[in-house]
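Q: Input: one structure, supplied below.
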Amino acid sequence: MKKLMLATILAGAVALPAMAADYTIIAPANPGGGWDQTARTMQAVLQDEGISGNVQVQNVPGAGGTIGLAQFASQNEGNANALIVGGYVMVGAILTNNAPVGLEAVTPIARLTGEYEAIVVPAASPIQTIEELVEALKADPGAVSWAGGSAGGADHIAVGLLAKAAGVDPTKINYIAYSGGGEALAAILGSQVTAGISSLGEFVSQVESGTLRLLAVSSEERIEGVDAPTLKEAGLDVVLQNWRMVAAAPGLSDEQKATVSADIEAMVKSAAWQEQLATKGWADTYLAGPEFEAQLAADITATETVLKDIGLVK
Amino acid sequence: MSSFDFLMQGLVTASDPMLLLYALIGVTIGTAIGVLPGIGPALTVALLLPVTYRLDPAGSLIMFAGIYYGGMYGGSTTSILLNTPGESASIITALEGNKMARKGRGGPALATAAIGSFVAGLIATLLLAFLAPHVVKLALVFGPREYFALMVLAFVTVSSAFGDSTLRGLTSLFLGLGLACFGIDQLTGQARMSFGVPDLLDGIEVTTLAVAMFAVGEALAIAALGNVGDDKVHAVKGSVWMSRADWSRSWKPWLRGTFIGFPIGAMPAGGADVGTFLSYAAEKKLSKHPEEFGHGAIEGVAGPEAANNASAAGTLVPLLTLGLPTTATAAIMLAGFQQFGLQPGPLLFVTNPELVWGLIASLLIANAMLLVLNLPMIGLWVKLLTIPKPWLYAGILLFATLGTIGANPSTFELGMLLVFGLVGYGMRVFGYPIAPIVVGLILGPMAEQQLRRALSISQGDWTVLLTSPISATMLAISAVALIVPLVMRMRGRGALLRQMAGDED
Amino acid sequence: MSVKQHETQRRPDRAALAVAAGLALFGGVIVVDAARLADFGGYSGVGPGTVPRMVGIALILLAVWTVAAALRGDFPERPRQQPVPVLWIIAGLAAQLVLLNVAGFSIATGVLFAFTARAFGQRNLPLALGVGIALSFAVWMVFSQLLLLNLPAGPLENLFFGRPAP
Numbered sequence: 033m034k035k036l037m038l039a040t041i042l043a044g045a046v047a048l049p050a051m052a053a054d055y056t057i058i059a060p061a062n063p064g065g066g067w068d069q070t071a072r073t074m075q076a077v078l079q080d081e082g083i084s085g086n087v088q089v090q091n092v093p094g095a096g097g098t099i100g101l102a103q104f105a106s107q108n109e110g111n112a113n114a115l116i117v118g119g120y121v122m123v124g125a126i127l128t129n130n131a132p133v134g135l136e137a138v139t140p141i142a143r144l145t146g147e148y149e150a151i152v153v154p155a156a157s158p159i160q161t162i163e164e165l166v167e168a169l170k171a172d173p174g175a176v177s178w179a180g181g182s183a184g185g186a187d188h189i190a191v192g193l194l195a196k197a198a199g200v201d202p203t204k205i206n207y208i209a210y211s212g213g214g215e216a217l218a219a220i221l222g223s224q225v226t227a228g229i230s231s232l233g234e235f236v237s238q239v240e241s242g243t244l245r246l247l248a249v250s251s252e253e254r255i256e257g258v259d260a261p262t263l264k265e266a267g268l269d270v271v272l273q274n275w276r277m278v279a280a281a282p283g284l285s286d287e288q289k290a291t292v293s294a295d296i297e298a299m300v301k302s303a304a305w306q307e308q309l310a311t312k313g314w315a316d317t318y319l320a321g322p323e324f325e326a327q328l329a330a331d332i333t334a335t336e337t338v339l340k341d342i343g344l345v346k
Numbered sequence: 267m268s269s270f271d272f273l274m275q276g277l278v279t280a281s282d283p284m285l286l287l288y289a290l291i292g293v294t295i296g297t298a299i300g301v302l303p304g305i306g307p308a309l310t311v312a313l314l315l316p317v318t319y320r321l322d323p324a325g326s327l328i329m330f331a332g333i334y335y336g337g338m339y340g341g342s343t344t345s346i347l348l349n350t351p352g353e354s355a356s357i358i359t360a361l362e363g364n365k366m367a368r369k370g371r372g373g374p375a376l377a378t379a380a381i382g383s384f385v386a387g388l389i390a391t392l393l394l395a396f397l398a399p400h401v402v403k404l405a406l407v408f409g410p411r412e413y414f415a416l417m418v419l420a421f422v423t424v425s426s427a428f429g430d431s432t433l434r435g436l437t438s439l440f441l442g443l444g445l446a447c448f449g450i451d452q453l454t455g456q457a458r459m460s461f462g463v464p465d466l467l468d469g470i471e472v473t474t475l476a477v478a479m480f481a482v483g484e485a486l487a488i489a490a491l492g493n494v495g496d497d498k499v500h501a502v503k504g505s506v507w508m509s510r511a512d513w514s515r516s517w518k519p520w521l522r523g524t525f526i527g528f529p530i531g532a533m534p535a536g537g538a539d540v541g542t543f544l545s546y547a548a549e550k551k552l553s554k555h556p557e558e559f560g561h562g563a564i565e566g567v568a569g570p571e572a573a574n575n576a577s578a579a580g581t582l583v584p585l586l587t588l589g590l591p592t593t594a595t596a597a598i599m600l601a602g603f604q605q606f607g608l609q610p611g612p613l614l615f616v617t618n619p620e621l622v623w624g625l626i627a628s629l630l631i632a633n634a635m636l637l638v639l640n641l642p643m644i645g646l647w648v649k650l651l652t653i654p655k656p657w658l659y660a661g662i663l664l665f666a667t668l669g670t671i672g673a674n675p676s677t678f679e680l681g682m683l684l685v686f687g688l689v690g691y692g693m694r695v696f697g698y699p700i701a702p703i704v705v706g707l708i709l710g711p712m713a714e715q716q717l718r719r720a721l722s723i724s725q726g727d728w729t730v731l732l733t734s735p736i737s738a739t740m741l742a743i744s745a746v747a748l749i750v751p752l753v754m755r756m757r758g759r760g761a762l763l764r765q766m767a768g769d770e771d
Numbered sequence: 191m192s193v194k195q196h197e198t199q200r201r202p203d204r205a206a207l208a209v210a211a212g213l214a215l216f217g218g219v220i221v222v223d224a225a226r227l228a229d230f231g232g233y234s235g236v237g238p239g240t241v242p243r244m245v246g247i248a249l250i251l252l253a254v255w256t257v258a259a260a261l262r263g264d265f266p267e268r269p270r271q272q273p274v275p276v277l278w279i280i281a282g283l284a285a286q287l288v289l290l291n292v293a294g295f296s297i298a299t300g301v302l303f304a305f306t307a308r309a310f311g312q313r314n315l316p317l318a319l320g321v322g323i324a325l326s327f328a329v330w331m332v333f334s335q336l337l338l339l340n341l342p343a344g345p346l347e348n349l350f351f352g353r354p355a356p
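Residue numbers (our numbering), protein chains in the order written: chain V, 33 to 346; chain B, 267 to 771; chain Y, 191 to 356.
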């Protein structure tokens with residue numbers, strides 16, 4: 033009798049995971065950052081929409097997401113229940129850190145959201161337009177200090193691309209790296225630096241209140257509701273989207289990959305997801321399948337080139 | 267409506283019994299997770315934020331405020347009783363508080379921490395309510411050079427406050443600075459001291475080092491003395507409650523701690539820990555009983571605990587007035603506010619006054635709730651120390667590793683805990699103070715980065731450090747604080763001072 | 191912490207010399223690692239290697255000072271150290287590290303608990319193990335199920351809460 037009960041419990045313990053479409057999402061960053069928020073938003077939507085019964089988020093912080101990525105790839109071979117959130121920053125971090133595990137080690141599922149870079153100056157700055165900023169940069173690159181996110185991240189890469197497009201030696205840019213958006217923003221507001229660069233969302237409320245002047249954005253075309261030219265309009269051929277994606281474990285079968293892709297697509301199409309994007313101010317840049325894979329490959333090549341130009345990767 | 271009316275209205279709303287219950291739940295679970303060594307308020311809030319989503323905005327806001335203050339406060343209990351500071355801001359609390367607990371004065375130590383946190387929380391929240399727009403203007407004046415000068419000041423004041431041997435104090439500090447060299451260099455992205463090990467790229471976690479040095483190192487050191495047994499910890503000697511003398515020695519440190527902690531918390535790169543260091547140094551300087559410091563001085567608990575909680579309110583200044591999340595905790599709170607349809611930013615006070623004042627009222631209520639929850643618990647907490655040693659220390663290590671595993675479930679982190687635990691044990695055996703190593707790890711990278719940022723902006727011109735009046739003043743004070751004791755020592759008075767301190771043993 | 195000043199002619203403190211060697215080694219490693227870094231100072235003139243180099247040199251100087259202090263016998267007297275309890279705790283921490291991802295939080299931490307109790311004089315190891323695993327399991331339930339902390343699950347946890355280990 034006892035044995036039977038134990039066997040039933042054991043069978044239950046083994047059978048349960050197979051029945052429920054459970055996911056564990058790795059957020060390869062500390063709580064609070066963009067990847068963590070993306071993972072936790074996914075958790076809420078997947079559960080509330082009934083796409084998955086139980087979703088857990090696990091933070092594996094470190095080194096621009098490369099530690100989480102390496103751990104994810106090595107521990108989840110063929111595990112269709114494991115997901116990882118990542119983004120453009122990872123592409124650069126893998127290169128600058130010489131990470132042993134790259135994005136080719138996981139199964140990319142879809143690009144979820146994206147933000148464009150914005151270039152701002154404090155309201156009191158004499159610089160009025162992006163052209164004037166570029167002129168100043170050409171005249172003396174060292175005198176133009178840029179506050180932005182971590183070294184080798186999207187912000188740094190954007191400044192490198194901008195300098196190159198303007199015909200300035202990218203190794204000569206005076207880029208001041210800050211660990212978080214908040215600290216960089218404080219430096220810009222306090223006029224400690226010449227200009228600031230970050231995701232547009234970081235600056236929106238400051239621009240609206242008139243404490244910062246938005247000079248340009250890094251999108252292909254003008255963004256609706258944003259009163260600023262693109263870098264392209266200013267004659268600088270720079271387009272950069274700081275995107276976030278979700279990927280699955282390596283070694284999945286085609287059916288497994290299709291199931292995960294379908295779940296993610298259902299999540300993205302849900303009203304709850306769209307509502308979350310709206311409250312958080314994230315743009316829906318959903319892209320899946322071969323198109324996403326092609327774009328990923330293109331980004332990796334372009335990033336490698338510019339990091340070499342800046343001198344961060346040999 | 268004036269600010270005051272809004273605040274009153276918020277308080278009336280928040281005194282609904284149901285909302286008070288939410289506040290109590292928030293404070294309780296915030297404290298429950300916050301007590302774990304290694305899990306600071308950031309992770310606590312991140313873990314528990316989803317719980318608040320299920321409630322209506324008012325309930326969710328108040329529960330959230332409870333979790334935040336509970337998480338900030340939680341660490342002090344374990345720091346005092348078990349000597350396991352959970353985050354960098356409670357290291358100082360452990361330093362004096364645990365010494366008090368060992369002398370049977372755990373009750374007064376916990377009480378001064380709880381009341382000090384309440385007083386600081388109350389004053390700082392009111393300062394936040396009425397002065398935030400002005401404070402933030404001052405905070406923005408601080409650029410890299412001013413921060414560098416502030417770090418230098420913190421270094422000088424704090425290092426003069428540790429230990430009786432210059433050699434061993436300096437060695438401990440430089441070991442901490444050495445450990446700070448591990449990991450990716452923030453400004454250039456270069457990997458330093460990582461030897462190709464990916465887990466080292468992010469450097470050494472302050473909480474891991476603190477837990478290892480304090481909890482593991484101490485367990486090893488005490489075990490190594492064998493079971494001779496006369497080192498019995500006195501659970502309670504004298505009253506559990508604060509005596510008249512305790513009160514009179516506590517109230518000034520509470521106030522000073524508040525006024526040190528609040529502005530530093532409000533600075534975008536200040537941080538709660540720096541405030542506690544400065545408060546500790548100030549109390550030691552001003553105390554009538556400097557010889558008690560290092561052996562359980564109540565001022566050394568009262569001041570830093572107040573500073574810690576005041577800086578928690580200070581952090582909200584740039585968040586609410588500018589939308590600037592200056593700490594990990596603040597970044598998570600930003601995400602939380604967005605759930606309430608609140609976009610922090612320069613216009614927040616104008617566009618959403620009900621929500622802002624509702625939040626401030628919630629913080630005040632949560633703060634009071636924290637005191638209500640914790641004061642009656644003190645008698646219970648100090649009983650912890652009557653647990654027989656084998657079970658007590660086994661429990662300490664259980665909770666110490668639980669915090670580390672919960673924050674980052676990697677065996678590498680546990681390995682570091684073991685290695686640094688052994689280092690901490692060795693340092694105790696040889697009489698090295700352990701606080702400076704942790705201080706070095708915290709302040710080292712901040713000082714280095716701010717200096718390099720300042721020099722990068724000035725294109726290599728070192729004189730900028732002196733052309734800003736704020737930075738020049740702080741550097742001058744640091745220089746005086748460093749030179750005066752040296753001069754005193756050279757005139758032979760140092761020996762006298764040392765003797766006076768030594769006689770107290 | 192009063193040091194006995196009477197024994198003026200103490201022999202050189204060998205353990206303190208070992209500490210000095212350790213400091214010098216650590217400082218040396220930092221200096222060597224700093225030398226490997228490219229000069230990336232940019233406009234600041236202070237590169238990623240500058241500060242580590244200074245810290246490393248300072249550690250080496252402190253090592254020299256430590257040698258001098260050790261030769262003078264300036265180190266405080268140390269109480270006799272018992273190696274056995276220390277080894278029990280180290281073994282407990284090592285066991286937890288090894289077992290954590292295999293056996294789950296409760297069993298791994300239960301072992302640490304029992305070994306630590308043993309180090310502090312609790313002779314009955316099976317009892318301590320039982321108490322440790324039970325306590326750890328209770329802690330696991332509260333923190334991972336109720337408060338959503340991510341703690342590794344093993345066979346014991348899965349028996350009661352069937353969820354795949356992440």
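Beta carbons are placed, not taken as given, at the ideal position from N, Cα and C, and that holds for glycine.
Remember, predicted model here, so these are calculated numbers, not experimental data.
May I ask you to list the residues that DSSP assigns as paired with T139/V?
A: A280/V
Q: What does the alpha-carbon distance come out to for the pair G212/Y and V622/B?
A: Between the alpha carbons of G212/Y and V622/B lies a gap of roughly 54 Å.
Q: So which residues of chain V does G580/B contact, with C-beta pairs closer than 8 Å?
A: The contacting residues do not exist; G580/B stays about 14 Å from chain V at best.
Q: What's the gap between the Cα of E136/V and the Cα of V292/V?
A: 18 Å
Q: Which of the three DSSP states is assigned to Q271/Y in this structure?
A: Correct three-state label for Q271/Y: coil.
Q: Give me, in chain order, the residues of the same chain whose beta-carbon lies closer than 8 Å to that of A360/B; leave out the 5 immediate sequence neighbours on both sides.
A: S345, I346, N349, T350, P351, F480
Q: Thinking just about the alpha-carbon of each residue, which of R371/B, M635/B, V689/B, G409/B is nearest to the one in L721/B?
A: G409/B
Q: Relative to the C-alpha of A745/B, which residue among T524/B, I291/B, V418/B, A485/B is closest?
A: Looking only at T524/B, I291/B, V418/B, A485/B, the smallest Cα-Cα distance to A745/B is reached by V418/B.
Q: Below 8 Å on the Cβ atoms is my contact criterion, and I expect F303/Y with G322/Y to pass it. Report the Cβ-Cβ distance as a whole number of Å.
A: Right, the Cβ-Cβ distance comes to about 3 Å (below 8 Å), so this counts as a contact.
Q: What separation, rounded to the nearest whole angstrom, lies between the Cα atoms of I250/Y and A95/V?
A: Between I250/Y and A95/V, the C-alpha separation is close to 30 Å.
Q: Please confirm if the region 328-338 of chain B is in contact with the region 273-291 of chain B, defined as three or more CB-CB distances below 8 Å between the two stretches.
A: yes
Q: Give a yes or no on whether the minimum CB-CB distance between N314/Y and chain V is below 7 Å.
A: For N314/Y, the answer is no, since every Cβ of chain V falls outside 7 Å of its Cβ.
Q: I'd like to confirm the pairing. Which residues does DSSP put opposite P351/B in its beta bridges?
A: Partner(s): none; P351/B has no beta bridge.
Q: Leaving out five residues on either side along the sequence, give the residues of the same chain with a beta carbon under 6 Å from the beta carbon of A242/Y.
A: Correcting the residue type first, residue 242/Y is Pro in the shown sequence and not Ala. Excluding residues within five positions, the ones whose Cβ falls inside 6 Å are I220, A224.
Q: Between which two residues does the alpha helix (DSSP H) containing N633/B stretch?
A: 619-649
Q: Are the Cβ atoms of T378/B and A578/B separated by less than 7 Å?
A: no
Q: Please decide whether A334/V counts as near chain B, where near means a Cβ-Cβ distance under 7 Å.
A: no
Q: Pick out whichever of M366/B, G624/B, G566/B, D465/B has its Cα sitting closest to the Cα of W520/B.
A: G566/B
Q: Should L552/B be labelled buried (16 or more other beta-carbon atoms within 10 Å of its own) or exposed?
A: exposed
Q: Kindly list the residues whose CB is nearer than 6 Å to the CB of Y55/V, restricted to its own chain and excluding five residues on each side of it in sequence; keep chain order.
A: The beta carbon of Y55/V sits closer than 6 Å to those of S84, V87, N113, L115, all from its chain and outside the five residues before and after it, given in chain order.
Q: Are there three or more Cβ pairs, one per stretch, closer than 8 Å when the region 123-136 of chain V is compared with the region 66-73 of chain V?
A: no
Q: Measure the Cβ-Cβ separation of A309/Y and G344/Y and say whether it is below 7 Å.
A: no
Q: If distances are taken between C-alpha atoms only, which option among L486/B, A457/B, Q725/B, P675/B comes closest to P342/Y?
A: P675/B
Q: Helix, strand or coil: how does DSSP classify Y318/V here?
A: strand
Q: Check R245/V in the structure and name its three-state DSSP category.
A: If DSSP states are grouped into helix, strand and coil, R245/V belongs with the strands.
Q: Can a CB atom of chain Y be found closer than 7 Å to the CB of T454/B?
A: yes
Q: Identify the contact partners of G174/V in chain Y, using a Cβ-Cβ distance below 7 Å as the criterion.
A: Here the neighbours are Y233.
Q: When you compare each of W278/Y, T306/Y, A208/Y to Y659/B by their alpha carbons, which one comes out closest?
A: T306/Y
Q: Just checking: is the beta-carbon of N206/V within a distance shorter than 7 Å of some beta-carbon in chain Y?
A: Yes, N206/V counts as interfacial toward chain Y.
Q: Please report the residue range of the beta strand (DSSP E) in which N91/V lies.
A: 87-91
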